[in-house]
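S.K.: Submitted below is the structure of interest, expressed as structure tokens.
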Amino acid sequence: MAGLLAPKQLPYDALEWERMPFARRIRLACTSWAIDGYGAPLAIYFAYALKIGLYVGGWLGFCALTPGLGGPGTISEWWLAPVAFQKAILWSALFEVLGLGCGSGPLTGRYMPPFGGFLYFLRPGTVKLPLVPGLPLVGGDRRTWLDVLLYAGFVGVLVAALLAAAPGVTSMAAALGLLAVMSLSDRTLFLAARGEHYATTMLCFVLAGNWIAGAKAVQLALWFWAGVSKWNHHFPAVVGVMGSNSPLLRAAWWRKKMYVDYPEDLRPSRLATWMAHAGTLLELGVPLVFLCAGGPVGLTVGIVLMLMLHGFITSNVPMGVPLEWNVVVVYAGFALFWAHPDVGLMDLGSPPLAVVLIIALVVVPLLGNLVPDRVSFLPAMRYYAGNWAWSVWLFKGESYRRLERGLTMSSPWVMDQLAHFYDRRTATGLIGKVMAFRAMHLHGRILGILIPRAVDDLAACFYADGELVAGLVLGWNFGDGHLHDERLLATVQKHCKFEPGELRVIFVESQPLLGDSLAWRIADAASGELERGAVKVAELRKRQPWDEHPPAG
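Each residue of the sequence shown is one higher than the one before, starting from 1247 at the first, in the numbering used here.
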């Protein structure tokens, strides 16, 4: 393959690489990432740009069904209309729950097919994670026809609301009810629908006396807590990793500046650290300016800061590709704050809804930051902070084939997907870059400590990031390590029956807001937990991604 379809050529032989010891493998992969990022073909980025175009086009099509809005030719006259914003929220929820938004495509380990979503959620027998295991009707770990009907009903109600001249309260309330029930049956679906954002905003549409005030509260919370979550030592590494993968900032000299001393020291440089702190202040500044803006000048400043923030994120095309989400957040800045500067948070007009919003927008995110092992990073609004729960699944030999034999999966094993496009050497190189992505983050520097404790011979194992496993087994993945923790491992073991030693999994939790450590566990699918412990973040800051020595003390 050549040109737009060919990934960046590696500076090492991937087939020899996979037989190397851990330290050598990580060092080669990380030094390559620092200059070339994931190395995805340029055509991949064009495909994501096309997807954004289709997403915006779908919104335009649904808006055209509303009298008074019109089409693209008159968009300047109607794009800030309240009903247009309502349709944007409903369309975004539908787009995401179908699997077309974040967590789709090659930059999330999906090649053929490029998404899971409805291809998986409409299939009886697929794996799910019930909120309350064992609950009658909805507490099983396999999708039933009832689950399929609930999901299909949710999609159908959203489509009906979008096809109407204006989304009705009844249809939106029905959508929220269906989402609540199907999320009880499979918590993956609440996350896939981005319920912390879109469902909360829809609740404002249904219950608020003035829903503009409620929608503003949701937007302010998204920005604020995202900024709070980045106030740590993790985010500078994210800036470097993301910058090394940017399709726009491709110059090697610039990418090297993200690190202390490429290729010997791949810790984030002063420049990357400064950029991280500036980004954190920017993300905190956007909601503060909008909240305190007192006129056209203040609003303009808020809009400019917002465009700078989301323009930088989107232009870097981060792994996980939350691109459409960034688009709708920017649109919300205009449709809510620019178009309605006179509406304040106190205009909500519904005390019961105010209580719900305080819980959803203050209590839950606060708990998610203080005790991150109890709350998903999405309801906690800890977006792209580099401080996530994650896991690594180590399959001995070809024991990963047990997944296909024991489960109904959303797609073939990742190497089998890549075989449609590349030879084994190229496919192995791309999968190796996933290992580099994990190791380049601050939390990933724990790998050199834990992998030797988990397995005796890494070369005898297939290393699979938990994100890839969740994508295959659950039909959706987007950075939430709680989707591929011990609960998923227990379900996988129930149906796949791994022998002792065939599957070892490393689980690492987020750093709490007021904590100083990362907690970890190592488990065997058949034997259960083997050991657990914690590593000080200060120790990880001293380490290179390839360091294998144990922490000091």
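A virtual CB, placed ideally from N, CA and C, is assigned to each residue, including glycine.
Note that this is a predicted model, so its numbers are computed, not measured.
Mapping the DSSP letters down to three states, classify A1710 as helix, strand or coil.
M.R.: Strand.
S.K.: DSSP on P1514, reduced to helix/strand/coil?
M.R.: Here P1514 sits in strand by DSSP.
S.K.: Inspect the CB distances between the stretch 1583 to 1602 and the stretch 1746 to 1758 and report whether three or more fall short of 8 Å.
M.R.: The stretch 1583 to 1602, when compared against the stretch 1746 to 1758, does not touch it at the 8 Å Cβ threshold.
S.K.: For W1636, report the span of its beta strand (DSSP E) as first-last.
M.R.: W1636 -> beta strand (DSSP E) spans 1636 to 1642.
S.K.: Which value, in whole angstroms, describes the spacing of the CA atoms of M1247 and D1669?
M.R.: For M1247, the predicted structure reports a pLDDT of 40, less than 50, and the residue's modelled location is therefore unreliable. The matter cannot be settled from this model.
S.K.: How close, in whole Å, do the beta carbons of Y1709 and M1686 come, if the pair is a contact with beta carbons under 8 Å?
M.R.: Not confirmed; about 15 Å, so no contact.
S.K.: So what's L1764 in DSSP terms, helix, strand or just coil?
M.R.: DSSP places L1764 in strand when its eight states are reduced to three.
S.K.: Does the Cβ-Cβ distance between M1521 and V1543 come in under 8 Å?
M.R.: It is not a contact, given that the beta carbons lie outside the stated cut-off.
S.K.: Given 8 Å as the limit, is there contact between the stretch 1365 to 1373 and the stretch 1651 to 1663, that is, 3 or more CB pairs closer than that?
M.R.: Yes, they touch.
S.K.: Would G1438 and V1573 be called neighbours here (beta carbons separated by less than 8 Å)?
M.R.: Inspection of the sequence shows that residue 1438 is occupied by Ala rather than by Gly. No, the pair does not count as a contact, with Cβ atoms beyond the cut-off.
S.K.: Exposed or buried, P1598, counting other C-beta atoms within 10 Å across all chains shown (16 or more means buried)?
M.R.: Burial call: exposed.
S.K.: Which runs of the alpha helix (DSSP H) spanning at least 4 residues fall entirely within the stretch 1506 to 1575, listed in chain order?
M.R.: Counting only runs of 4 or more, we get 1516 to 1538, 1542 to 1561.
S.K.: Is R1670 helix, strand or coil by DSSP?
M.R.: DSSP places R1670 in helix when its eight states are reduced to three.
S.K.: Going by DSSP in three states, K1374 sits in which element: helix, strand or coil?
M.R.: Correct three-state label for K1374: coil.
S.K.: Could you say which of L1256, R1388, C1538 lies nearest to G1283 if we only look at CA atoms?
M.R.: Nearest of L1256, R1388, C1538 to G1283, Cα basis: L1256.
S.K.: Helix, strand or coil: how does DSSP classify E1777 here?
M.R.: DSSP places E1777 in strand when its eight states are reduced to three.
S.K.: With a threshold of 7 Å on Cβ separation, who are the neighbours of V1373 within its own chain once the five nearest residues in sequence on each side are excluded?
M.R.: D1387, R1388, L1653, V1719, L1720, T1737, listed in sequence order.
S.K.: Locate the alpha helix (DSSP H) running through V1602, then write down its first and last residues.
M.R.: Looking at the DSSP string, the run of the alpha helix (DSSP H) that includes V1602 is 1597 to 1604.
S.K.: Drop a sphere of 10 angstroms on the beta-carbon of P1370, count the other beta-carbons inside from all chains shown, and report buried for 16 or more, exposed for fewer.
M.R.: P1370 is exposed by the Cβ-count criterion.
S.K.: Which term fits G1362, buried or exposed, when burial requires 16 or more other beta carbons within 10 angstroms of its beta carbon?
M.R.: Classification for G1362: buried.
S.K.: To the nearest angstrom, how far is the alpha carbon of E1644 from that of G1423?
M.R.: Distance between the alpha carbons of E1644 and G1423: 43 Å.
S.K.: Which same chain residues end up closer than 7 Å to T1390 when comparing Cβ atoms and leaving out the 5 residues on each side of it in sequence?
M.R.: Excluding sequence neighbours, T1390 sits near P1370.
S.K.: Using the Cβ count rule (16 or more neighbours within 10 Å means buried), how would you classify T1526?
M.R.: By the neighbour-count rule (16 or more Cβ atoms within 10 Å), T1526 is buried.
S.K.: Tell me the residue span of the beta strand (DSSP E) that contains F1753.
M.R.: That run of the beta strand (DSSP E) goes 1749 to 1754.
S.K.: Only counting the same chain, and skipping five residues up and downstream in sequence, which positions put a Cβ closer than 7 Å to that of S1596?
M.R.: So the list reads L1453, A1454, G1455, once near-sequence residues are dropped.
S.K.: For K1476, does the three-state DSSP call read helix, strand or coil?
M.R.: Reduced to three states, the DSSP call for K1476 is coil.
S.K.: If the criterion is Cβ atoms closer than 8 Å, does the pair W1469 and V1378 meet it?
M.R.: No. Outside cutoff.
S.K.: Taking Cβ positions, are L1714 and G1355 nearer each other than 8 Å?
M.R.: Against a cut-off of 8 Å, the Cβ pair of G1355 and L1714 comes out as a contact.
S.K.: Cβ atoms of L1607 and A1600: under 8 Å apart, would you say?
M.R.: No, these two residues do not count as a Cβ contact at 8 Å.
S.K.: Quick one: residues in its chain with C-beta nearer than 6 Å to the C-beta of D1511, no 5 flanking neighbours on either side, listed in chain order?
M.R.: Same-chain partners within the cutoff: there are none.
S.K.: Count the C-beta pairs between the stretch 1475 to 1491 and the stretch 1535 to 1549 that are closer than 8 Å, then say yes if the count reaches three, no if not.
M.R.: Not touching, per the Cβ criterion.
S.K.: Can you name the start and end residues of the alpha helix (DSSP H) that K1502 belongs to?
M.R.: Run containing K1502: 1498 to 1502, per the alpha helix (DSSP H) assignment.
S.K.: Which term fits E1755, buried or exposed, when burial requires 16 or more other beta carbons within 10 angstroms of its beta carbon?
M.R.: By the neighbour-count rule (16 or more Cβ atoms within 10 Å), E1755 is buried.
S.K.: Using 8 Å as the cut-off, can you tell me whether the stretch 1312 to 1322 makes contact with the stretch 1603 to 1623, which would need three or more C-beta pairs spanning the two stretches below that distance?
M.R.: Segments in contact, no.
S.K.: Would you mind reading off the limits of the alpha helix (DSSP H) that contains Y1646?
M.R.: Note, Y1646: premise wrong, no alpha helix (DSSP H); not H, not E.
S.K.: Quick one: what's D1770 bridged to in DSSP?
M.R.: Answer is R1750, G1774.
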